[in-house]
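Notes for the one structure printed next.
In this note's numbering, the protein residues as written are 10 to 485.
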């Protein structure tokens, strides 16, 4: 890769600085720049596309699993299997009005329109640690794609006749099929304000294409009968579609939420992603691995998608501190070669056995980013014990998951220093592919990949100031 240090077709440091000086995309966030996108092989890109379709099928199957569990219905075709505990897990800590809304017949089949898994690049391939259906980074990735297209042309993932901006609008407009030119509002809450600049940029690009898309705060919209409106030049403008950019735990701070929850099927507004908390829980990855549910997943996923998910989802468990009979053991990793009967026994795991991640499943202010993440092998015994005790203490309202830690491998890529000089950064890589769900084609289409390259000494990868954020390109 050393030849890329002198590649004449590269993004200069001055061009990168100028591009991000002219357009802020994240509030008070900075990162390192690179002269070129991160290269991925044809085989890697093919697998990432397969993962996208598998995630789409997984979400469809999740809905079937959740609703059949909630309704006490059988899961399998040829034998009896009822799992009321699945819905109990996914509903835990949620307000009743949100639970009933998520189960409403009007929302049957409602899917998030954007799916974005986190893929760690390891020596053994990809490890999918979670899937986000209300992801940040859409505007940033679209911006990076446009910035680096001048370097890589059509080989950049997300470029071409329909780029990420166009594709975002296309799947949005599908949600308002009876409107020729729908008025679309992106609502960004206070809690998500860091991401407002990228959404403002995205909306501005769409307006330049003649599309009616604006960004508002939830307080700026108001119900008017069965409609939702915003004030434009003193007059009410009916909203045809809302893109929700707030987490469901934050509903109490979203002024329009009660109207949206209680609006009947006749309400002339559509909302995406739907407010269905069972679709936003990390513990769904643990359910994929649960031995009782294996036959369900095999029946409800294609062979290709089941195989794709089985290859990339790390072993994951739900940390439910339920009292067990004396002869029972937990569905959990072995400690000292023996099964556990109590989650507190995890405290005594050896350093090697603590190659595990603890994180909150969802519906909590600490559930996004790396806020609730504890890596056992990188923690003191005291911090490890504290994380376990917190998971046990919070379980009545907020379940945690335990996940095998898949260590990202070291990779090298050219990156600019703060003074504009170039060097080969050795780091660890996370890929965030953005799939836009096309309900007409029943397909999750890959529209861009955001690569986060963190320094090699960082165990948990996230968008820190020392990281490089860049798009991806098919390697020549």
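Every residue, glycine too, gets a C-beta built ideally from N, C-alpha and C.
- Annotation for residue 483: 49, 51, 54, 164, 166 place their beta carbon closer than 7 Å to its own, counting only its chain and skipping 5 residues before and after.
- Shortest Cα-Cα distance from residue 245 to any of 253, 256, 232 involves 232.
- By the Cβ neighbour-count rule, residue 293 is buried, with 16 or more other Cβ atoms within 10 Å of its own.
- Residue state for residue 349 is assigned as coil, using DSSP reduced to three classes.
- For the 9 Å CB-CB criterion, residue 125 and residue 108 do not form a contact.
- It is roughly 25 Å from the alpha-carbon of residue 250 to the alpha-carbon of residue 103.
- Around the C-beta of residue 136, 16 or more other C-beta atoms lie within 10 Å, and the residue is accordingly described as buried.
- Along the length of the region 301-347, whole beta strand (DSSP E) runs at least 3 residues long occupy 325-328, reported in chain order.
- Distance from the CA atom of residue 446 to the CA atom of residue 413, rounded to whole angstroms, is 29 Å.
- The region 63-71 makes contact with the region 440-454: 3 or more CB pairs, one atom from each, lie closer than 8 Å.
- Residue 240 carries a strand assignment under DSSP once its states are collapsed to helix, strand and coil.
- Pairing residue 426 with residue 272, the inter-Cα distance amounts to about 52 Å.
- Residue pairing by DSSP places residue 468 in no beta bridge whatsoever.
- In this structure, the alpha-carbon of residue 203 lies about 11 Å from that of residue 209.
- Residues 317 of the same chain have their beta carbon placed closer than 6 Å to that of residue 60, with the five preceding and five following residues left out of the count.
- Under the three-state reduction of DSSP, residue 447 is assigned to strand.
- With a 10 Å radius around the Cβ and a threshold of 16 neighbouring Cβ atoms, residue 217 comes out exposed.
- Between the region 355-362 and the region 433-442 there are fewer than three C-beta pairs closer than 8 Å, too few to call the two in contact.
- Beta-bridge partners assigned by DSSP to residue 461: 439, 478.
- With distances taken between CA atoms, residue 325 lies nearest to 138 out of 117, 138, 97.
- Of the candidates 183, 184, 155, 182, the residue whose Cα lies closest to the Cα of residue 170 is 155.
- When the alpha-carbon of residue 200 is set against those of 407, 207, 226, 241, the nearest one is in 226.
- Proximity of the region 475-482 to the region 455-462 meets the contact definition, three or more beta-carbon pairs being nearer than 8 Å.
- Taking every protein chain shown into account, the CB of residue 247 has fewer than 16 other CB atoms within 10 angstroms, so this residue is exposed.
- Nearest neighbour of residue 31 by Cα position, chosen from 258, 348, 207, turns out to be 207.
- The region 304-316 makes no contact with the region 277-292: fewer than 3 CB pairs, one atom from each, lie closer than 8 Å.
- One thing to note: residue 372 has its Cβ no nearer than 9 Å to the Cβ of residue 72.
- Residue 470 sits close to residue 417, with the two beta carbons spaced by under 9 Å.
- Runs of the alpha helix (DSSP H) spanning 4 or more residues and lying entirely within the region 175-249 occur at 205-217, in chain order.
- Non-local beta-carbon contacts of residue 118 in its own chain, meaning distances under 6 Å to residues more than five positions away in sequence, are absent.
- Distance between residue 391 and residue 357, taken at the CA atoms: about 11 Å.
- Between residue 305 and residue 84 a beta carbon distance of about 5 Å is seen, short of the 8 Å cut, so the two are scored as contacting.
- Distances from the alpha-carbon of residue 113 to those of 255, 333, 285 put 285 closest.
- For the pair residue 221 and residue 234, the Cα-to-Cα distance works out to about 22 Å.
- Only residues of its own chain outside the window of five on either side were considered, and among them none has a CB closer than 6 Å to the CB of residue 320.
- Straight-line measurement puts the Cα of residue 436 at about 31 Å from the Cα of residue 341.
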